[in-house]
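First residue of the sequence shown? That's 11 in the numbering used here, and the numbers climb one at a time after it.
Built from N, CA and C at the ideal position, the CB exists for glycine as well.
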Amino acid sequence: MTVPSMTRFMTKGWRCSARWLLPALFLLSLMAVLMASAFVPTVAQYPRQEIRGVWMTTNDTDILRDHAKLQDAVGQLARLNFNTIYPVVWNAGYAMYPSTVVQQAGIQSFVYRGIQGQDILADLIAQGHARGMLVVPWFEFGFMAPPTSELATKYANWLTQKQDGTKTSMSAAGEVVWLNPFRPEVQQFISSLVLEIVTRYDAFTLVVPK
11 MTVPSMTRFM TKGWRCSARW LLPALFLLSL MAVLMASAFV PTVAQYPRQE IRGVWMTTND
71 TDILRDHAKL QDAVGQLARL NFNTIYPVVW NAGYAMYPST VVQQAGIQSF VYRGIQGQDI
131 LADLIAQGHA RGMLVVPWFE FGFMAPPTSE LATKYANWLT QKQDGTKTSM SAAGEVVWLN
191 PFRPEVQQFI SSLVLEIVTR YDAFTLVVPK
């Protein structure tokens, strides 16, 4: 077979193959798409709940520490259609709940408890959940502390400093120092506080009352 004849044969064969090859490829592609669609997991769609939150700070300590006052306050918030409470659990270098982490670090010789001896955070979470409210612990100014706090005085090497070597700065809260977030010890300390809250308390969970 001469080269021109072979060329004509190959061209004719390609044309014949193309007649069934292109439809076959189209069919295979269509089947692949349909099969892929069949294996896509179905995700249930739930309506998003609007967040209507209120922040409870150390300014509310008298209410937070008294069980009866706290019960009235949470009830009033529920009647006002709030559904989320953000209580401060860490402020000025101190934990506002019984914390093993701060005790082991030796930076807090006292424990914040309610007037009746209760765990303030646990009490608030229980009362919030009883009304179908979400309680999200709030670490206020997590890296900030007063220069006279036990955290600042015991772990001075954890603090940031300016170019002139000073470590304090003025803020709305007065003279403060800042923990250095680049130090592994600081990262571990803050992470341990958060992990302690998450594992010890039923926080970040929305409970629908029965």
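Quickly, what does DSSP pair residue i with across the bridge? List them, please.
i, result
"Asn-167", "None, per the DSSP bridge assignment."
"Leu-144", "Thr-94"
"Ser-202", "Paired residues: none, contrary to the question."
"Leu-189", "Leu-169"
"Ser-159", "BP columns for Ser-159 are empty, so no partner."
"Val-64", "Ile-95"
"Asp-149", "A small fix is needed here, since residue 149 is Phe in this sequence, not Asp. Per DSSP, Trp-100."
For residue i, which residues from the same chain have a beta carbon less than 6 Å from its beta carbon, with the 5 sequence-adjacent residues on both sides left out?
i, result
"Trp-188", "Phe-153, Met-154, Thr-170"
"Trp-65", "Tyr-96"
Whose CA, out of the options, lies closest to the CA of residue i?
i, options, result
"Asn-190", "Tyr-211, Ala-183, Phe-199, Asn-69", "Phe-199"
"Leu-205", "Asn-69, Phe-149, Val-84", "Phe-149"
"Ala-182", "Gln-59, Phe-151, Ala-140", "Phe-151"
"Ser-119", "Ser-159, Arg-210, Asn-91", "Ser-159"
"Glu-60", "Lys-164, Lys-172, Leu-144", "Leu-144"
"Glu-195", "Ile-130, Asn-167, Pro-157", "Asn-167"
May I ask you to report which of helix, strand or coil DSSP gives residue i?
i, result
"Thr-94", "strand"
"Glu-195", "helix"
"Val-121", "coil"
"Gly-138", "helix"
"Ala-105", "strand"
"Gly-184", "strand"
"Gly-116", "coil"
"Val-213", "According to the sequence shown, residue 213 is Ala rather than Val. Of the three classes helix, strand and coil, the one that applies to Ala-213 here is coil, per DSSP."
"Gly-85", "helix"
Counting only the same chain and skipping the five closest in sequence on each side, list residues whose C-beta sits under 8 Å from that of residue i.
i, result
"Asp-133", "His-77, Leu-80, Gly-124"
"Ala-54", "Any reading at Ala-54 is ruled out, since the residue's pLDDT is 41, under 50, leaving its predicted position unreliable."
Note down, in chain order, each residue of its chain lying with its Cβ closer than 7 Å to the Cβ of residue i, except the 5 sequence neighbours on either side.
i, result
"Gln-86", "none"
"Trp-100", "Met-106, Phe-149, Glu-150, Gly-152, Leu-203"
"Asp-212", "Ile-135"
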